[in-house]
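Below: one structure, written as structure tokens.
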Amino acid sequence: MAPLALVLAAALALAGCGGRATTHHKPGTSHQEATGSSGTLLTARDEGGHRLRELPAADAPTVRAEARPDSEGGWNVHLTVERFRFTPESTGGAALPGRGHARLLIDGREITRLYGPWGYVPAGARTLTVRLHADDHTVWAAAGTPVQTTVRLDGTPASSAPASPGTSAPPAPARPTDSRPPDSRTPDPGRTVTLTITGKTVSPPPSRIELKKGERLTLRVTGDRADTLHVHGYDRELPLSPGTPATLTLTADRTGLFEVETHESGLLLTQLVVR
């Protein structure tokens, strides 16, 4: 029995070495307190209840956001970050400096997460706030303030929105006015594809959607969990809420093969073939 016990002890020791940081912790210790030792965990919380994790200003990340009108309505958002990189592969792990994801708040309400520099905001939004989170979902902070930036989407100067130390908020370009007479013809609605996500299953199963260049496509997606749909190559994203159909319409103005997938679950929903 003694040799067997030694073998088991060695196996357990090896299993605990290396790999992703564990998220298990002692009873009475929160996930946020256990998963990261970087910075100082503050008692302050954001609107979503996430605690702030303070770093010295010289070490804290920064974020800037630029929003440009999208041809199908809404805004395409591009983030520029410093001392920070997006790490979707380690979400839920330890809070390490310079790693994590961003969260988008529209008019003060969180709508989605970003695991890369590009995002999409639907039409009708007035204020966009981008906030940087660590992998353990705490909020990176400097001088007691979340690392974030705010841009106005209604044409007013960005300086009227609050800004955090070390961040900047460039004004979003106004929507161009169109002096051409209105076209009385009804635009072609194009094609509509309906997809349903249940767990790890996509219905109908992933296939290829053949499109002609310039054709309009509407994706109507219903999932059973919160997630984000992403159309590669077009840099279009769509937040998904459990049980609520979400719709994204785009014009296939780029030729090639483009995948449509989800960020959180990493599911391939379909592929677009544009010729």
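So that you can map any letter, position 231 of the sequence shown is 277 in our numbering, and since no number is skipped, the others follow by simple counting. Beta carbons: idealized from backbone N, C-alpha and C, even for Gly.
Asked                                                                                         : Found
Cutoff 8 Å; reference SER311; Cβ partners in own chain excluding five residues on either side : ILE243, LYS246, ARG271 and ASP273
The segment 273-285 in contact with the segment 300-309 per 3-pair CB rule at 8 Å             : yes
Rounded straight-line distance, which links the Cα of GLU118 to that of THR295                : 7 Å
Residue of ALA169, GLY95, GLY138 and GLY85 minimising C-alpha distance to GLU283              : ALA169
Short Cβ contact (7 Å threshold) for LEU101 with GLY85                                        : yes
SER84 in three-state terms, based on DSSP                                                     : coil
VAL267 versus ASN122: straight-line alpha-carbon distance, rounded                            : 20 Å
Candidates LEU241, THR290 and LYS258, of which the one nearest PRO250 by Cα                   : LEU241
With 16 other Cβ atoms within 10 Å as the buried cut-off, status of ARG89                     : Inspection of the sequence shows that residue 89 is occupied by Thr rather than by Arg. Exposed.
Cβ shell of ARG321 (< 8 Å), same chain only, five flanking positions each side left out       : GLU256, LEU257, LYS258, LYS259 and THR301
Top-ranked residue by Cα proximity to SER253, from LEU263, THR293, THR238 and THR316          : THR316
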